[in-house]
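These notes concern the structure reproduced below.
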């Protein structure tokens, strides 16, 4: 039997739960309605507040890195504190050992969720995303070409934070790791595979190895077309690739080349199919995707990203019904 996971954006989650008469926005509120298998150990502070829409009347939330997030949109960063490299001299990196930082994960573990569910460490904006949020997107893409020494210093400091955080998660008792770092656009990577392999692969490998050396599986989330580095992710120890977007990647080619080596988590299009398709189209697509990605029984049936507020309830119901129907892989 294949597992099923249905994640939502914060606004999508609010809409879904409101239809059930529930005001509190939390992944845990989904569990009576959806047979999810994964819970995320969000860090306290900005991440948990953004995920649960705990805005407290604020229009902008500043995270522990000093980066600002627009509360009017789902996880939309505004700016970071290192706009100029001179700012780096005064910048203070956050402390991964800060008291209370992982209180939500502690609560999940202490209340027994890791005995029934996969509870992951959650490395939000792991490397590339954190660096470009700190520096600005265009600035950092230029940095990758022109400022190798400064870029290396910044990424090494971010890596140190993530490694320490991973060790802390493991001590708490999570049973899986999850890194979040988008490397792809709709048609290709945001950088050349060569730059990714030189700059990000060895640093991501350090974080992944913390979990793998502890005997835990590892999920990596990257939106967009990352086909060119799928083999590299497998090489450094990633067990699960998420979200596997069919509008960005050739799922058939991906399954043929890597289906017996890694698990796929996602694959059901929520760019067009879920918001705009019919229940009949959703049922058919889920069945075909399970045949393709579930060939080796290594597939987590899921949307190809968090379901947003634009997806009709009847289409969410159609996905869940189809997922239950087809989860018995042939």
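Residue numbers (my numbering): -7 to 322.
Ideal Cβ placement from N, Cα and C applies to all residues, glycine included.
Are the beta-carbon atoms of residue i and residue j separated by less than 9 Å?
| i | j | result |
| --- | --- | --- |
| residue 19 | residue 28 | yes |
| residue 147 | residue 73 | no |
| residue 296 | residue 261 | yes |
| residue 47 | residue 59 | no |
| residue 237 | residue -4 | no |
| residue 110 | residue 31 | yes |
| residue 234 | residue 219 | no |
| residue 4 | residue 301 | yes |
| residue 161 | residue 214 | no |
| residue -6 | residue 320 | yes |
| residue 307 | residue 259 | no |
From this set, the options, which residue's C-alpha is nearest residue i's C-alpha?
| i | options | result |
| --- | --- | --- |
| residue 304 | 180, 271 and 221 | 271 |
| residue 205 | 228, 186, 194 and 189 | 228 |
| residue 154 | 114, 182, 110 and 144 | 114 |
| residue 191 | 135, 203 and 164 | 135 |
| residue 44 | 50, 145, 24 and 16 | 16 |
| residue 256 | 281, 263 and 267 | 281 |
| residue 310 | 248, 163 and -2 | -2 |
| residue 195 | 163, 212, 216 and 150 | 150 |
| residue 248 | 216, 140 and 283 | 283 |
| residue 245 | 269, 185, 217 and 232 | 217 |
| residue 112 | 140, 158 and 25 | 158 |
| residue 85 | 26, 103 and 145 | 145 |
| residue 197 | 152, 23, 137 and 24 | 152 |
| residue 156 | 276, 90 and 207 | 90 |
| residue 207 | 119, 184, 292 and 163 | 163 |
| residue 276 | 264, 318 and 185 | 318 |
| residue 133 | 184, 24 and 263 | 184 |
With hydrogens ignored, establish whether the beta-carbon of residue i is closer than 8 Å to any heavy atom of the ligand ADP.
| i | result |
| --- | --- |
| residue 279 | Among the ligands in the structure shown, none appear at all, so the ligand ADP cannot be discussed. |
Following the continuous beta strand (DSSP E) through residue i, name the residue where it begins and the one where it ends.
| i | result |
| --- | --- |
| residue 71 | 68 to 71 |
| residue 113 | 110 to 113 |
| residue 137 | Note, residue 137: premise wrong, no beta strand (DSSP E); alpha helix (DSSP H) at 129 to 138. |
| residue 299 | Note, residue 299: premise wrong, no beta strand (DSSP E); not H, not E. |
| residue 238 | Residue 238 -> no beta strand (DSSP E), and no H or E assigned at all. |
| residue 52 | 52 to 54 |
| residue 31 | 30 to 33 |
| residue 294 | 291 to 295 |
Thinking residue i and residue j are a contact (beta carbons under 8 Å), I'd like their distance in whole angstroms, please.
| i | j | result |
| --- | --- | --- |
| residue 100 | residue 33 | 6 Å |
| residue 200 | residue 230 | 6 Å |
| residue 222 | residue 250 | 6 Å |
| residue 131 | residue 94 | Contact flag wrong, Cβ pair sits at about 31 Å. |
| residue 67 | residue 42 | 6 Å |
| residue 285 | residue 274 | The pair is not a contact, with the Cβ atoms about 16 Å apart (cut-off 8 Å). |
| residue 142 | residue 188 | At roughly 18 Å, the Cβ-Cβ gap does not stay under 8 Å, so residue 142 and residue 188 are not in contact. |
| residue 1 | residue 298 | 4 Å |
| residue 122 | residue 57 | 7 Å |
| residue 71 | residue 128 | 7 Å |
Which residues in the same chain as residue i place their Cβ atom closer than 6 Å to its Cβ, once the five residues preceding and following it in sequence are excluded?
| i | result |
| --- | --- |
| residue 178 | 240 |
| residue 38 | 53 and 55 |
| residue 252 | 288 |
| residue 291 | -6, 256 and 285 |
| residue 139 | none |
Enumerate in chain order the residues of its own chain whose CB-to-CB distance from residue i is below 8 Å, with the five nearest sequence positions on each side excluded.
| i | result |
| --- | --- |
| residue 117 | 125, 172 and 173 |
| residue 210 | 168, 169, 170, 171, 200, 203, 204, 229, 230, 231 and 232 |
| residue 50 | 63 |
Terminal residues of the continuous alpha helix (DSSP H) containing residue i?
| i | result |
| --- | --- |
| residue 275 | 271 to 285 |
| residue 188 | 185 to 191 |
| residue 62 | From DSSP, residue 62 is part of no alpha helix (DSSP H) but of the beta strand (DSSP E) over 60 to 62. |
| residue 170 | Element bounds for residue 170: not the alpha helix (DSSP H) but the beta strand (DSSP E), 169 to 172. |
| residue 258 | Per DSSP, residue 258 belongs to no alpha helix (DSSP H); it is in the beta strand (DSSP E), 255 to 260. |
| residue 267 | 265 to 268 |
| residue 310 | 305 to 318 |
| residue 42 | 38 to 44 |
| residue 175 | Per DSSP, residue 175 belongs to no alpha helix (DSSP H) and is neither H nor E. |
| residue 180 | Premise fails: residue 180 is in no alpha helix (DSSP H) and is neither H nor E. |
| residue 222 | 222 to 227 |
| residue 83 | Unbroken run through residue 83: none, as it is neither H nor E. |
| residue 2 | 2 to 11 |
| residue 96 | 95 to 102 |
Who are the Cβ neighbours of residue i in its own chain at under 7 Å, not counting the five residues just before and after it?
| i | result |
| --- | --- |
| residue 14 | 21 |
| residue 402 | Given that the chain is displayed from residue -7 to residue 322, the structure contains no residue 402 and the question cannot be resolved. |
| residue 83 | 73 and 74 |
| residue 65 | none |
| residue 224 | 189 and 193 |
| residue 226 | 250, 253 and 254 |
Any beta-carbon of chain B closer than 9 Å to the one on residue i?
| i | result |
| --- | --- |
| residue 306 | You won't find chain B in this structure, because it holds only one protein chain. |
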